[in-house]
Amino acid sequence: MKRFINVPLLLRGWVLDLLPARDGMEVWLRTPAGDTVTLFAPFRPSFAVAGRSVREAAVRTAAVRWGCDVRKSEGIEFFSGKTVPAWTFAVPTPFLLRATVRKAERAFGGEALANADIAPVEQFAYATGLFPFSFAETECM
31 MKRFINVPLL LRGWVLDLLP ARDGMEVWLR TPAGDTVTLF APFRPSFAVA
81 GRSVREAAVR TAAVRWGCDV RKSEGIEFFS GKTVPAWTFA VPTPFLLRAT
131 VRKAERAFGG EALANADIAP VEQFAYATGL FPFSFAETEC M
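With this note's numbering as the guide, the letters of the sequence shown map in order to residues 31 to 171.
As structure tokens, this is what we get:
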């Protein structure tokens, strides 16, 4: 049997399920031939904090303490539709999202959080367009 190193493989199939994994998400794919393939996709779920009382120094300190990447961003305020400055925290692993959101709620107040109630699986689906029962095509190494 020949081994092919770093030769891309094109996979097509239906997304059966999305599951949190250590450093990302598992994607279960059913091929047209009927095989089930498990793929791994790196993914870091995120949430945002915004508001008058949110200060850059506090945000950066919290990000270091919680092991998150943080970046300046902006969002749209729900009631007014105005653009507001925000900070987006990228959590190291899907399994830490809930605990990190709880810490952020204590540090900044619940009213400062945005997108904190969206589960990692849903965030991944929105970010990639891979939803259960959708047909997908991907190149794997």
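Each residue gets a CB set at the ideal place from its N, CA and C atoms; glycine is no exception.
Since this is a predicted model, take the numbers as computed values, not measurements.
Here R74 is buried. Its C-beta has 16 or more other C-beta atoms within 10 Å. For the set L69, A71, T113, T130, the Cα lying nearest the Cα of D99 is the one of T130. Listed in chain order, the non-local C-beta contacts of E104 below 7 Å within the same chain comprise T113, V114, P115, A116, local neighbours out to five positions each way being set aside.
Rounded to the nearest whole angstrom, the C-alpha separation of T123 and A51 is 8 Å.
In the three-state DSSP reduction, A146 falls in the coil class, being neither helix nor strand. Taking 9 Å as the cut-off, the beta carbon of F154 is found no closer than this to the beta carbon of W44. With respect to the 9 Å criterion, E56 and T68 are classified as neighbours on the basis of their beta carbons. Partner residues in the beta bridge of T113, as assigned by DSSP, are I106. M171 is positioned such that its CB atom lies no closer than 9 Å to that of L59.
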